[in-house]
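Peer 1:
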Amino acid sequence: MPEPCAYFRGEYMNPKDARIGIMTHAFHYGTATFGGINATWDEENQRFCLFRLKDHYCRQLLACKMLHIQLPYTADEMAHITVEAVRRTGFRQNVYCRPVAYKSTEFIGVKLHDLDADWFVVATVLPPFSTSGGLRCCTSSWTRISDHQIPTHGKICGGYVNGALAKTEAQLAGFDDGIMLTQEGHVSEGAVTNTFVVLKGRLLTPPPSDSILLGMTRDTVMQLTRNELGMETIERSIVRSELYEADEVFFTGTYAGVVPIVEIDRRPVGDGTPGQLTARLQEMYREVAVGRNSRYQHWCTFLKPD
Ligand code: PMP
């Protein structure tokens, strides 16, 4: 029977058997960084495609640097372990990999220095991200954390309370997700997704200085639009009015892919149906992320299970 697989303290095991103590520093203070990596199953070619695996680990190591976490692994070693964990699951369907680097010392006290750190990765299956014709979003009343509060370019666990507040507020009010604004009122991002806006024929996305995570899917979409459509993405601050003026708005993220937003604050985006450019990018991204576009296979780590 296929089952999830964790690499934890030097061994591969079922995640149910991987336990940490209740005094672990990261559990109390969120002093950890996580990642999310797709191993997309290609039924036709009977192989997994782990997308931008090394890039994900380079980003995680930068987040570790921000938290004074020194890991005994290189990006290449973490990539290798991740491939092996996916192989050991025995799944023949999309697998999601969740690496976590965390302050592992069992210690009470708010600080980052003089604490041990460890890293594990879990390969498991998630329910497919449901888009059902596009998302209905609201502008969140929770502003996005600023980079001078918690570094936003790293996926720092403690910072995710911010996204969780926004997501739950949105969903309890009947929306799919909330779009957070920066403290200056610029469009930032969803709980776990970057934002793109199509306005007057131009593709816009918030710049790195508007408290965003530098998403791998964001970067992929920017490269695809440049190379395949000859269209530059303009990184500039976006204001709330522009969400209402936009012809198309979409989110990007590893779990979500490219997802159209069809309504914001009970106003239709464009004509209220997924936009043409969004649909095109969604399809292009799917092909690239499963490893079927030969021009982008340098982003793909293939795994053919035995
Ligand atoms: N923003 C936040 C806050 C996220 O957690 C994520 C998910 N990693 C994203 C954006 C999208 O990033 P990526 O495309 O690398 O998954």
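Numbering (this note's numbering), first residue to last: 275 to 580.
Think of the CB as a built atom: it goes at the ideal place given N, C-alpha and C, for glycine as much as any other residue.
If we count the other Cβ atoms within 10 Å of its Cβ and call it buried at 16 or more, is T413 buried or exposed?
Peer 2: Classification for T413: buried.
Peer 1: Excluding the 5 residues flanking I538 on each side, which residues of the same chain have their C-beta closer than 6 Å to its C-beta?
Peer 2: Cβ neighbours of I538 beyond the five flanking positions: C411 and L517.
Peer 1: Please classify A375 as buried or exposed, where buried requires at least 16 neighbouring CB atoms within 10 angstroms.
Peer 2: Buried, since its Cβ has 16 or more Cβ neighbours within 10 Å.
Peer 1: Tell me which same chain residues have a C-beta within less than 6 Å of the C-beta of Q320, skipping the five on either side of it?
Peer 2: Closer than 6 Å at Cβ, skipping near neighbours: no residue.
Peer 1: Report buried or exposed for N501, applying the criterion of at least 16 other Cβ atoms within 10 angstroms of its Cβ.
Peer 2: Label assigned to N501: exposed.
Peer 1: Is E318 a contact residue of the ligand MN, with contact defined as CB to any heavy atom under 7 Å?
Peer 2: Absent from the structure shown: the ligand MN. Ligands present: the ligand PMP.
Peer 1: Could you say which of L341, E519 and G364 lies nearest to G475 if we only look at CA atoms?
Peer 2: Nearest option by C-alpha distance: E519.
Peer 1: Given K578, which residues of its chain have a CB within under 6 Å of its CB, disregarding the five upstream and five downstream residues?
Peer 2: Closer than 6 Å at Cβ, skipping near neighbours: R321.
Peer 1: Tell me the DSSP secondary structure of E561 in three-state form.
Peer 2: Note: E561 maps to helix in three-state DSSP.
Peer 1: Where do the N-terminal and C-terminal ends of the beta strand (DSSP E) with K377 fall, by residue?
Peer 2: Element bounds for K377: V369 to K377.
Peer 1: Would you say R492 touches the ligand PMP, meaning its beta carbon is less than 7 Å from a heavy atom?
Peer 2: Within the cutoff, so yes.
Peer 1: G504: which of T528, G464, L551 and E317 sits nearest, CA to CA?
Peer 2: Nearest of T528, G464, L551 and E317 to G504, Cα basis: L551.
Peer 1: Cβ of L335 within 7 Å of any heavy atom in the ligand PMP?
Peer 2: Because no heavy atom of the ligand PMP lies under 7 Å away, the Cβ of L335 does not count as near it: no.
Peer 1: Helix, strand or coil: which one does DSSP assign to T298?
Peer 2: Three-state DSSP puts T298 in a strand.
Peer 1: Just reading off the beta strand (DSSP E) that M454 is part of, what are its end residues?
Peer 2: Counting along the chain, M454 falls outside any beta strand (DSSP E), and DSSP gives it neither H nor E.
Peer 1: Identify, in the order they occur along the chain, each residue of the same chain with its Cβ nearer than 6 Å to the Cβ of N368, setting aside the five sequence neighbours on each side.
Peer 2: If we look at N368 and ignore the five residues flanking it on each side, its Cβ neighbours are T314 and W315.
Peer 1: T456 and S406 - do their beta-carbons sit closer together than 8 Å?
Peer 2: No, these two residues do not count as a Cβ contact at 8 Å.
Peer 1: Is W416 helix, strand or coil when you go by DSSP?
Peer 2: Here W416 sits in coil by DSSP.
Peer 1: Mind the definition here: the stretch 279 to 292 touches the stretch 392 to 405 only if three or more C-beta pairs lie below 8 Å; say whether that holds.
Peer 2: Judged by Cβ distances under 8 Å, the stretch 279 to 292 makes contact with the stretch 392 to 405, as three or more pairs qualify.
Peer 1: Beta-carbon within less than 6 Å of A292's beta-carbon, same chain only, minus the 5 sequence neighbours each way: which residues are those?
Peer 2: A280 and F282.
Peer 1: Determine the extent of the alpha helix (DSSP H) in which I508 is found, giving its start and end residues.
Peer 2: Note, I508: premise wrong, no alpha helix (DSSP H); beta strand (DSSP E) at T507 to E509.
Peer 1: From what residue to what residue does the alpha helix (DSSP H) around M340 run?
Peer 2: Unbroken alpha helix (DSSP H) run through M340: L327 to M340.
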